[in-house]
Amino acid sequence: MRKKKKAVGPEASVSGAGDLGGLDRINREILSHVRSGVIIYGPDLRYRLFNPFMEKITGLSSADVVGRHPLDVFPFLSDIGFMEKLEGVLNNGVVARIEFRYEIGKSGRSGWVEGEYSPLYDEAGKISGVIGAVRDVTDYKEKELSLQAERHRYLSLFENMRSAAAVYEAVDDGRDFRFLSVNQGCEQIEAIRREEVRGRMLTEVFPGMEEFGLLEVLRRVWRTGAPEQFPIKLYRDARITGWRDSFVYRLSSGEVVAIYEDAGERVRAAEELEESERRYRALAETAQDAI
């Protein structure tokens, strides 16, 4: 009769690790020096092994942990359904992947870890516990959260600024630009809704853009990465007309952003001032002639 083939891969057994009595010196050396966490849980899901890497990141010694129930050592694990996942590994032979934040009052340590928990088999091929391989992902997670916070601040600024703002991506090597997003200011100034323009071409929404000149500015900024101020100019098409004062720059990810204002009031004020000065000069010249 052929013997049952021994499991290999992430769910393979650590020789004799069901009760740790058979963990030979070589296996112990390996588990002590690997640069990741290794945890072994027995059939009762109490800790049977807590390697030095786990001691380092948690600030707890193996003696503080081994033999105890996970929720007795780390009560916060109940908030993430950790034990239910371990029970699924133990009872169903599945592999569970869990990422979570830890904060340990006793040692003052905190951070993020990512663990893969697999069934542990004994020599008879039966599941005798769970083995966890744990990575410290604190640096990565903090950077990710920082980027998310930065993105949130950017989106909040983008959405609530009084100026109009539009984000585009280049299409056909810069022949045209596709709307990715517009803010409330753009909706108000241009009398459009973001749902109506998102994903559409700039020249489709604003057919006078080529003649207006902003399209060429977008192309230059997209190609060179050098921001440009586009002076006040009148935009006109069959739907809308208005004076626009624009600034264009490129994001590090390649998208191009146009921030602009409705300069109509400034233009009218300048025209009124010029007209007032013209009348004043005419009046002064008339008075001089009378004298």
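Be aware that the sequence shown starts at 1321, since it is given in my numbering, and climbs by one per residue.
Every residue gets a Cβ at the ideal spot worked out from N, C-alpha and C, and that includes glycine.
The continuous beta strand (DSSP E) containing Val1491 extends over residues Ala1484 to Val1491. A Cβ-Cβ distance of about 18 angstroms is found for the pair Ile1451 and Phe1420, leaving them out of contact under the 8 angstroms criterion.
With fewer than three CB-CB distances shorter than 8 angstroms, the region 1453-1470 does not count as touching the region 1529-1546.
In the three-state scheme derived from DSSP, where H, G and I count as helix and E and B as strand, Met1481 is classed as coil.
In this structure, the CA atom of Leu1571 is about 31 angstroms from the CA atom of Ala1558.
Between the region 1512-1523 and the region 1456-1472 there are fewer than three inter-stretch CB-CB distances shorter than 8 angstroms, so the stretches are not counted as touching. Here Ile1360 really is in contact with Arg1368; their C-beta atoms are around 4 angstroms apart, less than 8 angstroms. Between Leu1465 and Trp1432, the alpha-carbon positions lie close to 11 angstroms from each other. DSSP places Glu1515 in the uninterrupted alpha helix (DSSP H) bounded by Arg1514 to Val1517.
Within the DSSP bridge table, the entry for Leu1554 names Trp1563 as partners. When rounded, the separation of the alpha-carbon atoms in Asn1480 and Leu1406 is 46 angstroms. Beta-bridge partners of Asp1496 (DSSP): Val1491. Gly1362 carries a coil assignment under DSSP once its states are collapsed to helix, strand and coil. Taking the Cα positions, Glu1436 is about 56 angstroms away from Gly1533. The beta carbon of Ser1483 is closer than 7 angstroms to those of Gly1505, Ile1579, Tyr1580 and Glu1581 in its chain, skipping five residues each way along the sequence. Collapsing the DSSP output to three states places Leu1369 in a strand. Arg1355 and Leu1475 have their C-alpha atoms some 39 angstroms from each other. In the structure shown, the three-state DSSP call for Leu1465 is helix.
When secondary structure is reduced to three states using DSSP, Val1568 falls in the strand class. The beta carbon of Gly1584 lies closer than 8 angstroms to those of Gly1562 and Trp1563 in the same chain, with the five residues before and after it left out. Following the DSSP letters along the chain, one finds Asp1456 inside the beta strand (DSSP E) bounded by residues Ile1447 to Asp1456.
The beta carbon of Arg1417 sits closer than 6 angstroms to the beta carbons of Glu1436 from its chain, once the five residues preceding and following it are set aside; these are given in chain order. Apart from sequence neighbours up to five positions away, the residues of its chain that approach Gly1408 with a beta-carbon distance below 7 angstroms are Val1414 and Ala1416, ordered along the chain. Cα atoms of Arg1540 and Glu1515: separation of roughly 27 angstroms, rounded to the nearest angstrom.
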